[in-house]
Structure formats: C-alpha cells, structure tokens
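Engineer: This structure is in structure tokens; I'll ask about it shortly.
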Amino acid sequence: MPKRTSLTADRSSLRHRIRYAMRHPERIGPYLRRSARDMRLRLTHRDHVSYYRAVMASDTARDPRRAVGSRNEKRWLALGRMQFDYLTGHGLKPGQRMLDIGCGNLRAGWRFIEYLDPGDYYGIDISPDILIAAKKVLSERGLQHKLPHLTLTHDLTFDFLPEHHFDVVHAHSVFSHSPPQVIDECLAHVERVLAPGGFFDFTFDRTEGAEHHVLREDFYYRTENLIALAERHGLNAEFMDDWEELPHGQSKIRVTVPERDAKA
Ligand SMILES: C[S@@+](CC[C@H](N)C(=O)[O-])C[C@H]1O[C@@H](n2cnc3c(N)ncnc32)[C@H](O)[C@@H]1O
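FYI, the numbering for the sequence shown is 1 to 264, going by the UniProt record's numbering.
Here it is in structure tokens:
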C-alpha cells in the first residue's frame with residue numbers, strides 16, 4: 001500500500017492542534033469560528049445526519065463549491081474529472097445504472113449524467129440545500145434531457161430503491177464525513193440494491209494510527225477496520241492501490257458481493 005504523509009497524525013489531539021496552529025497561525029481564526037458554529041449546531045441537532053445537514057446548509061449558503069470541498073471552480077472541475085476518469089477507467093460504462101451517494105452539487109455527477117443513458121443516474125444526499133445547488137449545475141450544463149434522479153435522504157438503508165438495480169454505487173468524500181454507524185448502515189444495505197456483478201466504490205480519510213474525528217465533521221479510519229466491517233456484512237472489500245497515485249488526500253475501497261452469494 002503506497003505511503004502518504006500524515007498517516008499517523010491524530011488531528012483530534014491537543015498536541016497536534018497546537019503544532020498545527022503554530023505552523024498555520026492564519027488558520028486559527030477560521031478554525032475557532034468553525035468550532036463555535038459546530039458546537040452550536042451539535043447542541044441543536046441530536047443525531048449526526050441532522051447535525052451534518054445543518055453544517056451543509058451553513059456551508060452551501062456561503063459557497064456550494066466550497067461546501068463540497070473545492071476551494072475554487074478550477075479545483076471543483078478537476079476533482080469531478082478525477083472521479084469520472086477513475087470510474088470510467090475502472091468499470092463504469094454507458095447503459096449501466098449508477099447510485100451516487102452524497103452526490104453534492106454534482107461536482108462529478110454532471111459528468112456521469114452526461115455519460116450515462118437518460119434516467120440511469122441516481123444521486124442521493126442528506127442536504128436539501130446542496131441538492132438545490134445540484135439542480136442549478138444540471139441546468140447550467142444543459143443536461144435536463146438526461147432526467148437524473150436527485151433525491152433527499154436521511155439514512156443509507158436505501159429502502160425506497162428497488163432490489164439489485166444499480167451496477168455501480170459510488171460515495172466520494174462521504175464516509176470522510178461519516179461516523180461508524182453511518183458506514184455500517186450503508187454496508188449493511190448496499191448488497192440489496194447492487195445488480196449482479198456490480199460494485200460499490202467509496203473514499204475515506206485513512207489513518208494508520210488511532211481512528212479519530214475532528215469536530216464530528218472529518219473522520220479518519222484504518223483500512224483494515226473498514227475491510228473487516230464490509231466482510232462482517234458478507235462483502236468483499238479491496239483497497240484500490242492505483243487511486244493512491246492521484247493527487248487526492250483520501251483513499252478508496254471497492255466493495256463487491258462474493259461470487260457464491262451473487263444473485264442471478
Ligand atoms: C464533500 S461532499 C462530496 C460531494 C460529491 N460526492 C462530490 O464528490 O462532489 C459530501 C456530500 O455528502 C453528503 N453527505 C454527508 N453525509 C451523508 C450521508 N450520510 N448520506 C448521504 N449524503 C451524505 C453531504 O451533504 C455532501 O453533499
């Protein structure tokens with residue numbers, strides 16, 4: 001598994017935060033403002049999804065592109081292309097059906113919508129604000145005729161979706177903002193919506209030290225724990241080594257249904 005920098009850092013520790021602040025004094029103000037906002041939102045929203053939906057509402061009101069993690073238009077386009085090129089280079093084909101979990105404002109989604117047949121892209125997200133921004137991107141790109149689904153959800157049980165429908169399920173930069181119970185729920189239910197021979201790709205913030213989170217916004221996981229979690233749900237999970245070569249801070253795992261269990 002290729003090496004990345006900061007793989008053992010515990011960003012939640014006081015020591016790390018003090019050292020980081022000394023290296024980046026200009027980021028202390030924004031960090032304190034974000035901490036105060038997150039504390040207020042945590043007090044007023046009981047469960048993680050409600051809390052994170054409020055974070056997205058606040059971030060999207062300022063700038064939808066930043067809300068999905070891109071500091072400018074150039075980076076937003078590049079991050080979308082990176083996802084698109086990787087997935088089309090690793091199995092996604094026209095004629096297939098795709099479920100994009102946490103589709104955001106279609107940073108990559110608009111490219112998938114353009115590439116796939118009408119109606120075959122299904123984006124879900126917990127944030128109504130980012131879905132409104134997604135519809136704006138869709139119309140700006142002139143992709144109305146592709147009739148994608150853009151649906152609000154509160155959980156990842158997929159109970160409103162048909163069985164064995166999607167060839168590709170995709171979640172980019174979603175588990176990096178998700179506590180273990182959200183990932184567990186997703187892995188518990190994804191097999192039901194995966195078509196025979198289908199796969200589920202997700203990215204995550206990787207640590208080789210202790211698993212931790214920062215402000216319950218950013219979560220860091222050990223690869224072997226996510227692979228073991230997938231296996232507990234009867235799934236195969238593979239670390240995607242070649243994704244590591246790309247200029248992206250997260251890592252990627254591909255989940256498949258073992259052959260013996262695959263439903264015809
Ligand atoms: C960093 S953005 C990435 C958006 C998109 N995947 C992309 O790469 O442009 C994370 C998105 O996931 C959504 N999200 C976070 N937790 C989620 C969950 N449990 N279920 C569905 N969407 C979620 C957020 O609202 C946000 O739109």
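Ideal Cβ positions, reconstructed from N, Cα and C, are used throughout, including at glycine.
What you are looking at is a predicted structure, and each value in this text was computed from that prediction instead of being measured.
Out of TYR115, ALA21, THR223 and ALA134, point me to the one whose CA is closest to LEU106's CA.
Structural biologist: Answer by Cα proximity: ALA134.
Engineer: Could you give the C-beta distance for ASP167 and ALA195, rounded to a whole number, given that I count them as a contact under 8 Å?
Structural biologist: Going by Cβ atoms, the distance from ASP167 to ALA195 rounds to 5 Å, so yes, they are a contact pair.
Engineer: Would you kindly report the start and end of the unbroken beta strand (DSSP E) that includes PRO64?
Structural biologist: Looking at the DSSP string, PRO64 is not in any beta strand (DSSP E); the run it does join, the alpha helix (DSSP H), is 64 to 67.
Engineer: Could you tell me which whole beta strand (DSSP E) segments of length 3 or greater appear in the stretch 226 to 264?
Structural biologist: For the stretch 226 to 264, whole beta strand (DSSP E) runs of length 3 or above, ordered along the chain, are 236 to 239 and 251 to 256.
Engineer: Ligand 1 heavy atoms versus the CB of GLN250: any closer than 7 Å?
Structural biologist: Result no, Cβ not under 7 Å from ligand 1.
Engineer: Between which two residues does the alpha helix (DSSP H) containing HIS145 stretch?
Structural biologist: It is not in any alpha helix (DSSP H) - HIS145 carries neither H nor E in the DSSP assignment.
Engineer: Mapping DSSP to helix, strand and coil, what is TYR99?
Structural biologist: The question names Tyr, yet the displayed sequence has Leu at residue 99. Looking at LEU99 - three-state DSSP - the assignment turns out to be strand.
Engineer: Let me know if SER178 comes out buried or exposed under the rule of 16 or more other beta-carbons within 10 Å of its beta-carbon.
Structural biologist: Buried: at least 16 other Cβ atoms inside 10 Å.
Engineer: Do the stretch 147 to 154 and the stretch 116 to 123 meet, that is, are 3 or more Cβ pairs less than 8 Å apart?
Structural biologist: Contact holds: three or more Cβ-Cβ distances are below 8 Å.
Engineer: What is the residue span of the alpha helix (DSSP H) that ARG37 lies within?
Structural biologist: Here the alpha helix (DSSP H) through ARG37 covers 28 to 44.
Engineer: Can you give the beta carbon distance from HIS170 to ASP218, rounded, assuming they're within the 8 Å contact cut?
Structural biologist: About 20 Å separates the two Cβ atoms, so there is no contact after all.
Engineer: Look at ALA108 and GLY80 and say whether their C-beta atoms are less than 8 Å apart.
Structural biologist: Yes, these two residues count as a Cβ contact at 8 Å.
Engineer: Compute the minimum distance between the beta carbon of ASP201 and the heavy atoms of ligand 1, and state whether it is under 7 Å.
Structural biologist: No, ligand 1 has no heavy atom inside 7 Å of this Cβ.
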